[in-house]
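Residue numbers (this note's numbering): 60 to 1331. Think of the CB as a built atom: it goes at the ideal place given N, C-alpha and C, for glycine as much as any other residue. As structure tokens, the structure follows; a few thoughts come after it.
Right, dumping it as structure tokens:
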């Protein structure tokens, strides 16, 4: 079969897409009207502009490039040449311009509309020279992709013998005296780029105009072509802190990069709208955009229209305007405002009245006067942005310094042009950053509670419930916003858990209370602190999960979270201040790389010399970088790879991109690399695959199917079911509703609702249950307790259930249930009477008492602290309260025994579901049905055995990394990292952390000083994670089953680096301290690699024979490796020093080594598959028989670690046919089991030590929890 021909490679786009010269046609300047004007006639109608010349890259032909290098043949695009209007061409129709001749115009550039946009006010001949002017364009193609134009208009004198078009020299002087009756004709140079470099391209065109004014007419085209060629050879800077600097004499031009791959390029002054509008008006305009109105901007300055429009769109980032965006409409395009759909357009102020009468429902914004009106004098119905968010934004904006003069008043005058420009640019960048942060904080304040009403598993948004939680004055705003395309895209990003600027700001804006309470869990109820902060009560409330801090672990002072008013319409100044607290995001330092000068004439040798200079300068800059400057190093790799591609050096380009792949995955150009590989010939591809570093990159990028399934980005709005539901459908519907996520609890609910019926639930029953739940939730939001009552309660307590008014032996009132206690809210003069805490209860029973001829159902509660039994005549509510109190009592008892506060959370969920089931069924069997949810009460009765004393004394706390998930997940790896006090870090970043690896590459991070969630779940790949290690202070290395080592930045909590040199699952990591520090990694195929942490390069490699290589450790200068069939000690170069073979020591049984530990006392402790013992060898003589430490009741050992003089062994024990997790604590000196701990309801999968003070154990998917044990 013939080899497929390589595909031509489309090179990465430079800054220039197209450069054009525009102006009036030659024939129009020779018309009778011009003659009349030269004779003194004052009136002259506008001339029709057209495209005179077009210059499109590349400017070096394919044939020329072939001379420079053999690889260039497949790199070149179809030849593009400059186009010039020919004298011999017949006259074209006015306004249509000539067709392109032998030139390929980029998509999105309409040559028919371009002349009108470059001269939106028409072409008017002037009697005297006018000042040069600049304005800006945004061009959109049919796919919605935008390109950006910068237009510089300038005037040239016109003479009897016009000589501007055919390139022939004439003898007329260039610039006549102003007193002559000459004419000055406007021309325009338009630069089109894929990037909105408004300021940079404006500066470039300003430099060009200084040359055009000094050149002869016939030289204009050559100057413009040289100018375009320069821009076309400048690569676009990659996202990050590296800006490109280019010398366009007399100015140094700076091309700023995007802050990150998701952010737009910002090369304009973002404070322009604040100079034109008051902050309140800015918020109104943002509301118009958020609600997707039909907006028209007006100004007498064409330049201001696109700049102000772009500023407002930048304020909305990461939300994106997805409708028509035409910031400049020429006088011939005014009918565009008749479009029925949403749009953002701009017109000259002269057309204000005309547009106002043209269409109804337009929002008319006058930039010059700073006013907002509507067309046809209608009232402007713009809803208000939520008040608290608006006030915070206004306060922050008013604190900004918008005038550079005030900032520079204390400085001396700059005598260097470029120094003054650099000073101005630095000031503007800081101001832009502050404005972006203020706008982003505004968006987060408006939309942050959307996440409380999302179901990620089924991608559902419960819009109705979200609206119910909004303040009444804000509901009109939210109703309009929720129906927009912009918000729909925002929901897609939230449901995909995209870590964009919004999500990062949301984390930064979390209060200390939010971080303390961690993951949000249903049921949602306002805390006592929330009740205290709101006056009057409001439906708008913030819901938080309650997490009990680990006792006796560390003396931690949790800062008191500020009291915040939950209503957005009424607040005091203190509430306003506290709500605006944001962890400051420091302005990131930027760096610059100066591009070398481009030498002319533009032939292939000069271009190749320019590329070589670029490569040399980039290589030199990389050589001067500090070892920890990986951010800059990645940008240099990107640029050098792009230049190599332009140069035709494909192999060198791939090597740079492979280095980039390891250094910063976020900016890795996967599509470009794939196209590069496709463009290579067979021999070139074979040569690349012979390079070891490239082999994995090729398999990762090129060998993956191009038609990979797209991720699910649907957004469903919650709807009540309309047909009968079996169990699976019912589970899905309840999860979508946001009531409960845990599938096991929903199974119990299904049993309760179908007692005595067919095992399916009809839509009416589901609707009644849903309404009962939501009504109870709404009632709880409205609970208002007197301050005298709240003084007796903890600030994080919530009232979950209130009875009706009942008679008790301690007065008349309502019984209230929190997660901690029962109390009586007395009537008349509201007061607090303690009934009992759940911990203090001794007996709960339902009975009846006689009253006249009646027997009244009564609840009796006996407590340990009081002799008197509490009695409440609950009547019809007695049975359900009896069930609820006993379930809470049982849940509290289990929580105390297992040191696990989640039992309380689950008990609360059971209790509220019981209440909803009784309210739904309203039948004699409702109580029996609700009893199906008494899960912990049954547990207590069926398994009355308490937690063993030794276990209870050693166990300090349990946390659940799967909280909020539909089912528990196995804890595969745990890593504890100590805290560091670094002034550059945020305070919470300096705390010690616990890293937890769950299934499918998920990682969750806990603050180990309080055991609250520091970073919610994020992914590193999609495979099982096998090992973790901390390399230096800012990196966590994670080895995965997919053979990749993922590197997490501990400050940004992001994974942007991957090491792909292994060919099988990575199973072990060992860190060797020193300068530079090293990491050794191993994989199942027996490969061991040594890594330089600073450069991320492999410094050593060797292969071990034998079975599965499962772990690796450093001990006494040697690497000890567990291969299953043996444990081998090798030098760091791979030379075998010692070896312990399993078949030589276990001849009677077939087994393999599972794990091992090395002790300073020259001991090797091992665990073997299927063995119930730990075996100990002496390193001085591995041939001697081992000592054996039996583990009673252990069926298999799964993991072990050394802590002080102890060996902690995690294993599995079979009890009544079920696997349970046990931990055996062995005295290393005596070699005896000191403690046997009943650790988990499933196998102990991993162990790690926290500074030898605590041991942390993670369990399998049957429980999915982490236990924290005290080391003695």
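Straight-line gap, residue i to residue j (C-alpha atoms, nearest Å)
i: residue 446; j: residue 533; result: 8 Å
i: residue 253; j: residue 196; result: 12 Å
i: residue 348; j: residue 448; result: 17 Å
i: residue 269; j: residue 656; result: 19 Å
i: residue 418; j: residue 263; result: 40 Å
i: residue 435; j: residue 420; result: 8 Å
i: residue 185; j: residue 244; result: 7 Å
i: residue 1208; j: residue 711; result: 55 Å
i: residue 979; j: residue 823; result: 10 Å
i: residue 1260; j: residue 867; result: 57 Å
i: residue 1019; j: residue 1270; result: 20 Å
i: residue 1161; j: residue 1178; result: 12 Å
i: residue 972; j: residue 342; result: 43 Å
i: residue 301; j: residue 649; result: 6 Å
i: residue 931; j: residue 920; result: 9 Å
i: residue 1021; j: residue 1028; result: 6 Å
i: residue 1192; j: residue 1148; result: 10 Å
i: residue 891; j: residue 829; result: 32 Å
i: residue 103; j: residue 286; result: Reliability fails at residue 103, whose pLDDT of 49 lies under 50, so the model's placement of it is uncertain and no value is given.
C-beta atoms of residue i and residue j nearer than 8 Å
i: residue 256; j: residue 74; result: yes
i: residue 1317; j: residue 1055; result: yes
i: residue 1107; j: residue 1079; result: yes
i: residue 1283; j: residue 1250; result: yes
i: residue 1006; j: residue 1297; result: yes
i: residue 1215; j: residue 1186; result: yes
i: residue 895; j: residue 918; result: no
i: residue 1141; j: residue 1114; result: no
i: residue 1344; j: residue 1014; result: The structure shown has nothing for residue 1344, since the chain only spans 60 to 1331.
i: residue 325; j: residue 338; result: no
i: residue 1024; j: residue 782; result: no
i: residue 903; j: residue 945; result: yes
i: residue 1136; j: residue 1090; result: yes
i: residue 78; j: residue 201; result: no
i: residue 451; j: residue 500; result: yes
i: residue 510; j: residue 553; result: yes
Boundaries of the alpha helix (DSSP H) in which residue i is found, first to last residue
i: residue 562; result: 560-567
i: residue 538; result: 534-540
i: residue 869; result: Looking at the DSSP string, residue 869 is not in any alpha helix (DSSP H), and its letter there is neither H nor E.
i: residue 945; result: 937-957
i: residue 86; result: 85-88
Element boundaries [beta strand (DSSP E), containing residue i]
i: residue 38; result: Nothing can be reported for residue 38: it is not among the residues displayed for the chain, which extend from 60 to 1331.
i: residue 849; result: No beta strand (DSSP E) contains residue 849, which is instead part of the alpha helix (DSSP H) from 846-849.
i: residue 916; result: 913-922
Closer than 8 Å to chain B by CB, residue i
i: residue 538; result: The structure shown contains no chain B; it is built from a single protein chain.
Kindly provide the ranges of any alpha helix (DSSP H) runs that are 4 or more residues long and lie completely inside the region 968-1000, ordered along the chain. 985-989
Exercise. Determine, using beta-carbon pairs with one atom in the region 520-527 and one in the region 358-377, whether at least three such pairs fall under 8 Å.
Key: no
Which runs of the beta strand (DSSP E), 3 residues or longer, sit entirely within the region 643-730? 650-653
Next on the checklist: So, does the region 317-333 touch the region 380-393, judging by three or more C-beta pairs under 8 Å?
Outcome noted: no
Check your understanding: Residue ranges of each beta strand (DSSP E) run of no fewer than 3 residues wholly in the region 1162-1216, ordered along the chain?
Key -> 1170-1174, 1177-1181, 1185-1189 and 1195-1200
(message) Is it the case that the region 840-860 contacts the region 810-820, given that we only count it when at least three CB pairs across the two stretches are under 8 Å?
(response) no
Which residue spans inside the region 252-305 form an unbroken alpha helix (DSSP H) run of at least 4? 257-271 and 279-291
Quick test of the definition: if touching needs 3 or more C-beta pairs under 8 Å, does the region 1032-1039 touch the region 1053-1068? yes
- Item | Those runs of the alpha helix (DSSP H) which lie wholly inside the region 750-805 and span at least 4 residues | 751-760 and 786-796
Would you mind listing the beta strand (DSSP E) stretches within the region 998-1082 that are 3+ residues and don't spill past its ends, in chain order?
-> 1014-1018, 1032-1036, 1052-1056, 1061-1066 and 1071-1078
**Study point:** Minimum length 3: unbroken beta strand (DSSP E) runs contained in the region 385-409
**Key:** 402-407
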